[in-house]
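Novice: Below is one structure. I have some questions about it.
Residue numbers (the numbering used here): 373 to 514.
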């Protein structure tokens, strides 16, 4: 039987604010040899520089169940953002254990007002020693 995982988030919301709860239902069909499924709440960076990942919370179930409800309270930081060099993204990741080969991911934004944060370059500031480029935060409202 092929592996199959589905993450169903309540209301299909992809914009959250600190303190919100992300909840829904996880459904799966496990391949032979997998005895657990884990759902991880985490954030990661992508782009130039060092890639970072931090798992905030994890739930796990026996694969014999086939489905389970989940709920994670969201922390107050860090905020999701996107810039020209780096991006920080929040996600839920479901994976079978012990192999961790089959997985499903649901990405979302965690921001102060529920709107995606974009970092954009602004005027270059000059100091005595060197030039510094400062950034401003702008919200893209859909």
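The beta carbon of each residue, even a glycine, is placed where N, CA and C say it ideally should be.
Computed from a prediction, not measured in an experiment: that's the story for all the values here.
Residue 481 and residue 416 - do their beta-carbons sit closer together than 8 angstroms?
Specialist: no
Novice: Excluding sequence positions up to five away, which residues of its chain have a Cβ less than 6 angstroms from the Cβ of residue 375?
Specialist: 403 and 474
Novice: Can you grab the Cα-Cα spacing for the pair residue 383 / residue 395, in whole Å?
Specialist: Rounded to the nearest angstrom, the two C-alpha atoms are 9 angstroms apart.
Novice: Does DSSP put residue 465 in a helix, a strand or coil?
Specialist: strand
Novice: Taking Cβ positions, are residue 451 and residue 422 nearer each other than 8 angstroms?
Specialist: no
Novice: Given that a residue counts as buried once 16 or more other Cβ atoms are within 10 Å of its Cβ, and exposed if not, what is residue 460?
Specialist: Residue 460 is buried by the Cβ-count criterion.
Novice: Which first and last residues belong to the beta strand (DSSP E) in which residue 401 is found?
Specialist: Unbroken beta strand (DSSP E) run through residue 401: 393 to 401.
Novice: Across which residues does DSSP place residue 429 in a beta bridge pair?
Specialist: 413
Novice: Starting from the Cα of residue 377, find the closest Cα among 471, 424 and 466 and give me that residue.
Specialist: 466
Novice: Which of the three DSSP states is assigned to residue 387 in this structure?
Specialist: strand
Novice: Give me, in chain order, the residues of the same chain whose beta-carbon lies closer than 6 angstroms to that of residue 462; leave out the 5 immediate sequence neighbours on both sides.
Specialist: 415, 452, 480 and 482
Novice: Using the rule of at least 16 other Cβ atoms within 10 Å of the residue's Cβ for burial, across every protein chain shown, is residue 412 buried or exposed?
Specialist: Burial check for residue 412: the Cβ neighbour count within 10 Å reaches 16 or more, so the residue is buried.
Novice: Nearest CA to the CA of residue 390: which residue from 445, 489 and 471?
Specialist: 445
Novice: Would a C-beta distance cut-off of 8 angstroms place residue 435 and residue 408 closer than the cut-off?
Specialist: yes
Novice: Looking at residue 455 and residue 491, is the spacing between their C-beta atoms short of 8 angstroms?
Specialist: yes
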